[in-house]
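As structure tokens, the structure follows; a few thoughts come after it.
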Amino acid sequence: MTLAQDNGPERGGDDLVAAEYVLGVLPADERRQASARIDGEPGFARMVDQWEVHFAPLAAAYPEIEAPASVKPAIDRRLFSGTATSSAPSAQGSAGLWASLAFWRGLATAAVAALAIYIAVPYINPPAQLPQERMVASLAADGSDVKYMAMYDAGSGQIGLSHVSGERATGRDFELWMIEGSNAPVSMGVIPVGSTIHIDVDQAMRDKLAAGAVLAVSLEPTGGSPTGQPTGPVVAAGDLRDI
Amino acid sequence: MTPQDITKLIVRTSMKDRAAFDLLYRQTSAKLFGVCLRVLNDRADAEEALQEVFVKIWTKADRFAVSDLSPISWLVAIARNHAIDRIRARRQAPLAIDEALEVADPGPGPEAAAVAGGEAERIHGCLEELEKDKAAAVRGAYLKGESYNELADRHGVPLNTMRTWLRRSLLKLRECLER
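So the sequence lines, in the order shown, correspond to chains E and U.
According to the UniProt record's numbering, the residues represented by the first sequence are 1 to 243, in order.
According to the UniProt record's numbering, the residues represented by the second sequence are 1 to 179, in order.
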């Protein structure tokens, strides 16, 4: 029995697979397929999420059972081997966050549903070790496959830029711009090649960023725009928002 | 801990705050271990699964923002799905052991009714509308992560019949939940 035979084109074929996935009845191979779709298809992921919501009350029947004391240290060894086992968030600091691919990937996912983030915002109460002000922007544009995630950290005055997709043409550079209100774009420099880049922000710009500027990426000749204003197409842009 | 407290811990965990992660573990590991143990029916296996579940929570905490689930339900979903993936990966589930440890299919229970409120009554109410054995199959599948194969064996029907039954039940549930 294959899914195609069973579902046909009628409404709800996918929704039923989502329900079967959540219920847990699918054989291993179909479960793997469904799991891959959750990662790749936001629509399907939503169906799964809704079924999880429907069935969640049944989970009250699971008892609480204390896990053996050996489990947590084993988790810490898996995650943080090479560092101390006790909590030391300050040692991780923002460097750990910048470098975390999972974090950036997650942000890309989260950007799709920025609204959901706003719902969570009132609950966020960052620990003292972390800078209080962070803003993120998902940079993209129609007709371009260039995507960047930007995160501005007011504490360190740095922008972390994570290259999500899109290649620069040979002989061209990406340049980062800040646009405040209706003012002319201000260059923040050519974006170095790399998956995650840090750019220092000077004091004048920090204030503007804190007020919520737009970041944009344009395609420029090697070395950046010769005029001080964008000369090539804007391949990605987005608002900085509080998180 | 209120749901808001757990939410804070998940969000802080997504920012790689280990103190928050430690506290999240202390507050939720017993529930998640209960989930793993119920599905996997094997202590060593469940301990291993619980480790993997918290590794996932550490790396995927940022995804919480895009889910409609309550924080504890989101954590339970990670644990349940992981435990089910694990048991599906076993060549043959230890049915005999499962049967030996079998207790009565847990119904709603006073705890569920007290804790979960309106939304809970909806799924329970909708399950009530199904025939008794069909509802039991859905509950059993959810709580124990039983596969179509295992359900078919237990109910003594061919695999295809089982799948048709259960899909019909799911359609009825959906119709009731959307009402």
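Each residue gets a CB set at the ideal place from its N, CA and C atoms; glycine is no exception.
In the DSSP annotation of this structure, the continuous segment of the beta strand (DSSP E) that includes E/T196 starts and ends at 196 to 200. For the pair U/G140 and U/E131, the CB atoms are not nearer than the 9 Å cut-off. Taken atom to atom, the span from the alpha-carbon of E/V25 to that of U/I57 is near 23 Å.
Non-local C-beta neighbours of U/I78 in its own chain, meaning closer than 7 Å and more than five positions away in sequence, comprise V53, K56, I57, ordered along the chain. Listed along chain U is no residue with a C-beta nearer than 9 Å to that of E/V164; the closest approach is about 14 Å. In this structure the region 192 to 203 of chain E lies against the region 153 to 173 of chain E, because at least three pairs of beta carbons, one per stretch, are closer than 8 Å. Taking the Cα positions, E/Y148 is about 5 Å away from E/H163. It is roughly 59 Å from the alpha-carbon of E/T222 to the alpha-carbon of E/L58. When the Cα atoms are used, U/A83 and E/F55 turn out to be separated by approximately 17 Å. A direct Cα-Cα distance of roughly 13 Å separates E/M205 from E/N183. Here the C-alpha atom of U/I123 lies approximately 16 Å from the C-alpha atom of U/L166. The beta carbons of E/E64 and U/K144 sit no closer together than 9 Å.
Contact of E/V53 with chain U by beta-carbon distance below 9 Å involves S67, D68, L69, S70, S73, E119.
Listed in chain order, the positions of the region 171 to 194 of chain E with a beta carbon within less than 8 Å of a beta carbon of chain U would be empty, since no residue qualifies. Between the alpha carbons of U/D68 and E/S218 lies a distance of about 36 Å.
Under the 8 Å Cβ criterion, the region 148 to 166 of chain U does not count as touching the region 33 to 40 of chain E, having fewer than three qualifying pairs.
Counting C-beta atoms within 10 angstroms of its own C-beta, E/P226 has fewer than 16 neighbours from the protein chains shown and is therefore classed as exposed. Check the Cα spacing between U/R18 and each of E/G189, E/P73, E/I191: the tightest is with E/P73. In this structure, the beta-carbon distance from E/S187 to E/G224 falls below 9 Å.
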